[in-house]
Amino acid sequence: MRARKDGLIALFDVDGTLTAPRKECTPEILKFMQELRKVVTIGVVGGSDLVKISEQLGNSVMNDYDYVFSENGLVAHKDGKLIGKQSLKSFLGDEKLKEFINFTLRYIADLDIPIKRWAYQILCCLDPPKKPLHLCNTLQHF
1 MRARKDGLIA
11 LFDVDGTLTA
21 PRKECTPEIL
31 KFMQELRKVV
41 TIGVVGGSDL
51 VKISEQLGNS
61 VMNDYDYVFS
71 ENGLVAHKDG
81 KLIGKQSLKS
91 FLGDEKLKEF
101 INFTLRYIAD
111 LDIPIKRWAY
121 QILCCLDPPK
131 KPLHLCNTLQ
141 HF
């Protein structure tokens, strides 16, 4: 067996790479990852929280990988121990976060993209008793 290479890390995305989106990992992939870990440091990165990643990669995920980055890297574990946790709120503070959210919402509201018209059409048609049906029919022509 080859010795583990120092200074080399292999990072893998969970959804769509190690697993089908939102599904459990196959036994073949899990075995491959165990073998690869003998050679290099292994980390997994997922957009989901640790609970969902554990559902996908197994309850022993914290022991099976050298690094586990959940919530798009905002929560970091090394060798099963929490080494970092960050959020926009703690990083920016309440006031700056509010400014950022307001800016983003205004920016999106001002974008001229067809999907917004389509999304508005869907919203209007979701609850027909409360919205006039002719409005839904009119919006379909946009």
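Position one of the sequence shown corresponds to residue 1 (UniProt numbering), numbered consecutively onward.
Beta carbons: idealized from backbone N, C-alpha and C, even for Gly.
Host alpha helix (DSSP H) of residue i (start-end)
i: residue 107; result: 94-110
i: residue 54; result: 50-57
i: residue 61; result: 61-64
i: residue 31; result: 27-37
Residue i and residue j closer than 8 Å at C-beta
i: residue 92; j: residue 75; result: no
i: residue 5; j: residue 40; result: yes
i: residue 56; j: residue 23; result: yes
i: residue 43; j: residue 65; result: yes
i: residue 84; j: residue 62; result: no
i: residue 58; j: residue 30; result: yes
N-terminal and C-terminal residue of the beta strand (DSSP E) that residue i is part of
i: residue 81; result: 81-85
i: residue 14; result: Neither: residue 14 is in no beta strand (DSSP E) and is coded neither H nor E.
i: residue 113; result: Run containing residue 113: none; DSSP gives neither H nor E here.
i: residue 78; result: 75-78
i: residue 7; result: Careful: residue 7 lies outside any beta strand (DSSP E) and carries neither H nor E.
i: residue 47; result: Residue 47 -> no beta strand (DSSP E), and no H or E assigned at all.
Buried versus exposed call for residue i [16 or more other C-beta atoms within 10 Å across all chains shown]
i: residue 8; result: exposed
i: residue 103; result: exposed
i: residue 100; result: exposed
i: residue 69; result: buried
i: residue 53; result: buried
i: residue 18; result: buried
Euclidean distance between Cα positions of residue i and residue j
i: residue 135; j: residue 113; result: Residue confidence is low: residue 135 scores 41 on pLDDT, short of 50, so the model does not pin down where it sits. No coordinate-derived value is stated.
i: residue 96; j: residue 73; result: 21 Å
i: residue 35; j: residue 90; result: 38 Å
i: residue 16; j: residue 32; result: 16 Å
i: residue 37; j: residue 98; result: 43 Å
i: residue 105; j: residue 3; result: 52 Å
i: residue 60; j: residue 21; result: 20 Å
i: residue 67; j: residue 110; result: 41 Å
i: residue 11; j: residue 107; result: 34 Å
i: residue 28; j: residue 14; result: 15 Å
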